[in-house]
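Enquirer: Structure incoming, see below.
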Amino acid sequence: MTEQTINIERMEDAIDLFGSFDENIKLIERELAVSVVSRDSELKISGEAENVLYAVKAIQGLLALAARKETITEQNVRYIINLVR
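At the far end of the sequence shown sits residue 133, using our numbering, and the numbering has no gaps.
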């Protein structure tokens with residue numbers, strides 16, 4: 049079991065990342081078999097080492113989209129998950 053932490057600089061980006069009812073994070077958790085926990089301005093991702101690496105890359109990609117003020121949809125999330133795999 050591996051754990052990695054991502055610092056989120058802008059909370060608005062985190063809100064966009066999580067989506068309505070946390071649907072985007074739940075999708076990442078399901079697809080990559082990881083656990084994502086939000087504490088203050090940090091996300092802790094835990095799971096198998098390879099899956100955690102994929103999840104970190106996916107979340108960083110989605111945060112980059114959010115920083116550009118793009119709407120994060122389920123389609124974006126699935127596309128980025130497929131890219132990092």
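Where is the CB? At the ideal position from N, CA and C, for every residue including glycine.
Within the stretch 52–103, note down every full alpha helix (DSSP H) run reaching 4 residues or more, in order along the chain.
Expert: Entirely contained in the stretch 52–103, the alpha helix (DSSP H) runs reaching 4 residues are, in chain order, 59–66, 71–80.
Enquirer: Over what stretch of residues does the alpha helix (DSSP H) that includes arginine 133 continue unbroken?
Expert: No alpha helix (DSSP H) contains arginine 133, which DSSP labels as neither H nor E.
Enquirer: Using CA atoms only, rank isn't needed, just tell me which of Val104, Glu98, Asn72 is closest to threonine 119.
Expert: Of Val104, Glu98, Asn72, the residue nearest in Cα terms is Asn72.
Enquirer: Evaluate the contact criterion for the stretch 108–125 versus the stretch 70–89: three or more CB pairs, one atom per stretch, below 8 angstroms.
Expert: yes
Enquirer: What separation, rounded to the nearest whole angstrom, lies between the Cα atoms of alanine 97 and alanine 106?
Expert: 14 angstroms
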